[in-house]
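I have placed the structure first, in the form of structure tokens, so that the comments after it can refer back to it.
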Amino acid sequence: MSSPTKPRILTGDTPTGRLHLGHYVGSIENRLALQDEYECYFLIANKHAFTTRAEKPDEIRQSVIDIATDWLAVGIDPNKSTMFVQSEVPAIDELTFFFSMLIPFNRVMRNPTLAQEIKDKELGDKYPFGFPLYAVGQTADILAFRPQLVPVGEDQLPHLELTREVARKFDQVYCNVDPHTEDKDYVSKGGLFPVIQAKLGRVNRLVGTGGPGPEGNLLKMSKSLNNAIFLSDDADTVQKKVMGMYTDPKRLRATDPGTVENNPLWIFHETFNPDQNWVKEQEDAYRKGMVGDVVIKRRLVDVLNTLIEPIRTRRKQYEQKPDDVIAVLRDGTKRANAVAEETLYLAKKAMSQDFFPRRQLSL
Numbered sequence: 495m496s497s498p499t500k501p502r503i504l505t506g507d508t509p510t511g512r513l514h515l516g517h518y519v520g521s522i523e524n525r526l527a528l529q530d531e532y533e534c535y536f537l538i539a540n541k542h543a544f545t546t547r548a549e550k551p552d553e554i555r556q557s558v559i560d561i562a563t564d565w566l567a568v569g570i571d572p573n574k575s576t577m578f579v580q581s582e583v584p585a586i587d588e589l590t591f592f593f594s595m596l597i598p599f600n601r602v603m604r605n606p607t608l609a610q611e612i613k614d615k616e617l618g619d620k621y622p623f624g625f626p627l628y629a630v631g632q633t634a635d636i637l638a639f640r641p642q643l644v645p646v647g648e649d650q651l652p653h654l655e656l657t658r659e660v661a662r663k664f665d666q667v668y669c670n671v672d673p674h675t676e677d678k679d680y681v682s683k684g685g686l687f688p689v690i691q692a693k694l695g696r697v698n699r700l701v702g703t704g705g706p707g708p709e710g711n712l713l714k715m716s717k718s719l720n721n722a723i724f725l726s727d728d729a730d731t732v733q734k735k736v737m738g739m740y741t742d743p744k745r746l747r748a749t750d751p752g753t754v755e756n757n758p759l760w761i762f763h764e765t766f767n768p769d770q771n772w773v774k775e776q777e778d779a780y781r782k783g784m785v786g787d788v789v790i791k792r793r794l795v796d797v798l799n800t801l802i803e804p805i806r807t808r809r810k811q812y813e814q815k816p817d818d819v820i821a822v823l824r825d826g827t828k829r830a831n832a833v834a835e836e837t838l839y840l841a842k843k844a845m846s847q848d849f850f851p852r853r854q855l856s857l
């Protein structure tokens with residue numbers, strides 16, 4: 495079994511469109527910060543996109559390119575990090591099948607993230623069999639690379655807990671690891687799969703630009719909710735979205751006292767404005783009715799455009815060279831296959847199902 499020279503990370507995105515500021519603070523910042531310290535594998539989970547959009551394959555394909563382009567634009571370095579496409583790593587599918595035998599179906603359906611997605615997307619009981627299966631597939635996405643750390647947003651924690659359960663179960667059943675072993679010791683005690691740890695972003699759940707939902711809570715930033723500011727938005731689009739942002743609905747005039755809690759305008763300043771002394775001073779003025787929304791929104795426009803401008807500039811450069819983006823994915827997927835195939839071989843060996851040698855997929 496090969497031993498990585500650095501501790502390994504696996505994380506990724508489902509291609510449902512271009513990346514937005516929620517992705518940036520939820521996971522992208524962590525990925526950028528950890529590129530030098532860790533051996534990083536970043537997955538574009540295109541097969542998972544089919545769970546709700548199976549009739550839109552061309553759209554999913556374009557989203558794969560969009561995400562890869564966004565990754566390069568934000569600063570993911572393909573010389574340091576492995577970017578790859580899920581559907582081109584067949585070992586993940588085989589591991590998904592084996593792992594599905596270790597998890598009761600009712601345990602999968604208790605996953606709160608899964609239940610929330612069914613509710614948010616109004617799927618009722620019309621979702622395909624592949625929808626709950628993708629929760630098992632995510633465990634294979636992760637464990638195929640035997641990482642120690644998984645940078646994610648808060649909403650992905652239930653998926654990671656399922657992954658931890660699968661790792662423990664496999665190691666106990668097939669590697670004879672004592673069930674009383676501490677999570678950190680599973681591999682040293684003979685297990686194949688580490689019991690992974692999550693690394694949350696500095697903002698666990700960034701809200702969108704719109705108002706609260708029916709239950710009174712601000713909704714998270716999402717393309718499907720039309721409340722997102724994308725890393726590829728031009729300056730005018732950023733300005734339009736910020737100037738139309740939901741604020742305190744009870745505040746009719748600039749001289750009315752305002753509430754900064756449950757207010758996206760201030761949540762965004764607290765998250766993205768580097769001048770936190772200014773933010774605290776202006777929040778106090780806002781509460782006292784001494785400053786209007788327009789002034790604060792204009793400042794936020796400047797803050798966000800300062801952050802996004804170098805990203806969208808680099809993105810335009812990559813958009814002009816789509817073959818280069820595909821080449822990065824091809825090279826990364828080749829490297830990813832080598833690791834995943836080794837994991838599959840070791841898993842089959844542990845399960846006494848290693849009958850024949852396997853030919854490595856060529857790209």
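Numbered as in our numbering, the sequence shown ends at 857 without a single skipped number.
Ideal Cβ positions, reconstructed from N, Cα and C, are used throughout, including at glycine.
None of the values given here were measured: they were computed from a predicted structure.
Whole angstroms is fine: what's the gap from Glu553's alpha carbon to Arg808's? Cα to Cα, Glu553 sits roughly 23 angstroms from Arg808.
Can you give me the C-alpha to C-alpha distance between Val568 and Asp614, rounded to a whole angstrom? Spanning the two alpha carbons is a distance of roughly 29 angstroms.
Hey, is Ala527 close to the ligand FAD, as in C-beta under 7 angstroms from one of its heavy atoms? With respect to the ligand FAD, the structure shown offers nothing to examine, as it has no ligands at all.
Answer yes or no: do Val697 and Gly511 have a C-beta to C-beta separation smaller than 8 angstroms? Between Val697 and Gly511, the gap from beta carbon to beta carbon reaches 8 angstroms or more.
Assumed close pair Thr657, Leu637 - CB separation to whole angstroms, cut-off 8 angstroms: Cβ atoms of Thr657 and Leu637 come within 8 angstroms of each other, at about 6 angstroms.
Cβ pair Thr837, Glu582 closer than 8 angstroms: No, these two residues do not count as a Cβ contact at 8 angstroms.
Whole angstroms is fine: what's the gap from Val602's alpha carbon to Asp619's? As the crow flies, the alpha-carbon of Val602 is around 15 angstroms from that of Asp619.
Straight-line gap, Leu746 to Val788 (C-alpha atoms, nearest Å): When the Cα atoms are used, Leu746 and Val788 turn out to be separated by approximately 12 angstroms.
With a cut-off of 8 angstroms on the beta carbons, I'd call Arg502 and Tyr532 a contact; round off their distance for me. Taking C-beta atoms under 8 angstroms as the contact rule, Arg502 and Tyr532 qualify, at a distance of about 7 angstroms.
Beta-carbon proximity of Tyr740 to Pro758, cut-off 8 angstroms: Yes, Cβ-Cβ distance for Tyr740 and Pro758 is below 8 angstroms.
Just to confirm before moving on: does the CB-CB distance between Phe762 and Leu794 stay below 8 angstroms? Contact annotation: Phe762 and Leu794 have beta-carbon atoms nearer than 8 angstroms.
Using CA atoms only, rank isn't needed, just tell me which of Asp778, Gln811, Leu700 and Phe593 is closest to Thr765. Comparing Cα-Cα distances from Thr765 to each of Asp778, Gln811, Leu700 and Phe593, the minimum goes to Leu700.
For Asp727 and Met784, I'd like the C-alpha separation in whole angstroms. For the pair Asp727 and Met784, the Cα-to-Cα distance works out to about 31 angstroms.
Beta-carbon spacing of Ala447, Leu589 below 8 angstroms: Because the chain is modelled from 495 through 857, residue 447 falls outside the range shown and cannot be assessed.
Just to confirm the assignment: which complete beta strand (DSSP E) runs, minimum length 3, are found wholly within the stretch 549-635? 575-579, all fully within the stretch 549-635.
Would you mind reading off the limits of the alpha helix (DSSP H) that contains Tyr812? Per DSSP, the continuous alpha helix (DSSP H) segment holding Tyr812 begins and ends at Asp787 to Glu813.
CB Ala585 to CB Leu651, shorter than 8 angstroms? No, Cβ-Cβ distance for Ala585 and Leu651 is not below 8 angstroms.
Spatial neighbours of Ala634 within its chain, please: C-beta separation below 7 angstroms, excluding the five flanking residues on both sides. Contacts found: Ile586, Leu589, Thr590 and Phe593.
Thinking C-beta only, is Pro673 closer than 8 angstroms to Tyr680? A distance of 8 angstroms or more separates the beta carbons of Tyr680 and Pro673.
Answer yes or no: do Ala562 and Val822 have a C-beta to C-beta separation smaller than 8 angstroms? Closer than 8 angstroms, so yes.
What separation, rounded to the nearest whole angstrom, lies between the Cα atoms of Ile802 and Glu523? Straight-line Cα distance between these residues: approximately 13 angstroms.
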